[in-house]
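Engineer:
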Amino acid sequence: MKTFAITDIGMCRKMNQDCCYTSELPVGNLPNLFIVADGMGGHNAGEYASRYTVDTIVAVAAACPHTQPALILEEAIKKANEGLLDKAAQDTSMWGMGTTVVAAVLLNGRLFAANIGDSRLYIVNEAMRQVTRDHSYVEEMVRRGEIRREAARWHPDKNIITRAVGAVKDIQIDFFETDIGCGDEILMCSDGLTNMVEEEEIRRIVKGQRDTVEKAERLILAANQNGGKDNITVIVIDPGLDGTVY
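Add 992 to a position in the sequence shown, counting from 1, and you land on the number used in my numbering.
Written out as structure tokens, the structure reads:
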């Protein structure tokens, strides 16, 4: 397995409220762990929310007695949610803070993922498949048939998310499990990438570079060249399965 993670402030923001984590080595009973979080909130609240959530997930996963990835991720994300709510209750400057999160584990040729918000996980090969599902106002409009998916990327309310870690006590987490095939690569990212770069261009960049470092760096460059309106975070994972096509 080869991985590379990078986060960038972008061209317009004064603070980077994204946070990421990668470990190819075991974290507790997880064989590996990858996380992207995109914080929201005034002042430093969004930065705090994303960092706290990532740190809490890692710490809880390291100590969790469960062996199933989904159960470990569920316990860890719920613990992070509780901590953010407690912090906001104690400090009024933190009111309204929250963060998206997408977390992934690879085990025996399968991918296990959890997500809240609109940070995404894709499987990239000759096609590009979004595994996670956005929790956003615009995505709900697409599902209800009110707008076409082609129009969603440019909708003025695209950045309104409907779920976030730290938003409500009874948090709802989506879980996904899928096989990883020969030549598949995994891309995890905040919306600072997908709002700036179309999916086909993302796929072309991922499949057109020599290694995970070049892939991630070129994705950041493309987002910034297209305006870089938000923070940008990218994790590229090459599981190292035989038959990879570049």
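Where is the CB? At the ideal position from N, CA and C, for every residue including glycine.
Fair warning: this is a prediction, and the values are worked out from it, not measured in the lab.
Given that a residue counts as buried once 16 or more other Cβ atoms are within 10 Å of its Cβ, and exposed if not, what is Cys1004?
Structural biologist: It counts as exposed.
Engineer: Run through the DSSP bridge pairs and tell me what Arg1121 is partnered with.
Structural biologist: In DSSP, Arg1121 forms a bridge with Ile1115.
Engineer: So, at 6 Å on beta carbons, what are the nonlocal neighbours of Val1093 in its own chain, with the 5 sequence-adjacent residues on each side left out?
Structural biologist: The residues are Ala1029, Thr1045, Ile1108 and Val1157.
Engineer: Just confirm the distance between the C-beta atoms of Ile1227 and Ala997, as a whole number of angstroms; I'd bet it's less than 8 Å.
Structural biologist: Sure, about 4 Å apart at Cβ, within 8 Å.
Engineer: Relative to the C-alpha of Val1097, which residue among Thr1091, Glu1209 and Pro1018 is closest?
Structural biologist: When only C-alpha atoms are compared, the closest one is Pro1018.
Engineer: From the DSSP output, in three-state form, read off Asp1126 for me.
Structural biologist: Of the three classes helix, strand and coil, the one that applies to Asp1126 here is coil, per DSSP.
Engineer: Using 6 Å as the cut-off, classify the Cβ of Gly1088 as near or not near the heavy atoms of the ligand PLP, replying yes or no.
Structural biologist: With respect to small molecules bound, the structure shown includes none, and the ligand PLP cannot be examined in it.
Engineer: Looking only at its chain, what residues have a beta carbon closer than 6 Å to the beta carbon of Leu1233, apart from the 5 residues adjacent to it on each side?
Structural biologist: Once the five neighbours on either side are set aside, the close Cβ partners of Leu1233 are Cys1174.
Engineer: When we look at the beta-carbon of Ala1208 and count the other beta-carbons within 10 Å, is it buried (16 or more) or exposed?
Structural biologist: Ala1208 should be labelled buried.
Engineer: Can you give the Cα-Cα distance for Cys1012 and Gly1038, rounded to whole angstroms?
Structural biologist: Taking the straight line joining both Cα atoms gives about 14 Å.
Engineer: Between Gly1220 and Phe1167, what straight-line distance do the alpha-carbon atoms span, to the nearest angstrom?
Structural biologist: In a straight line, the C-alpha of Gly1220 is about 30 Å away from that of Phe1167.
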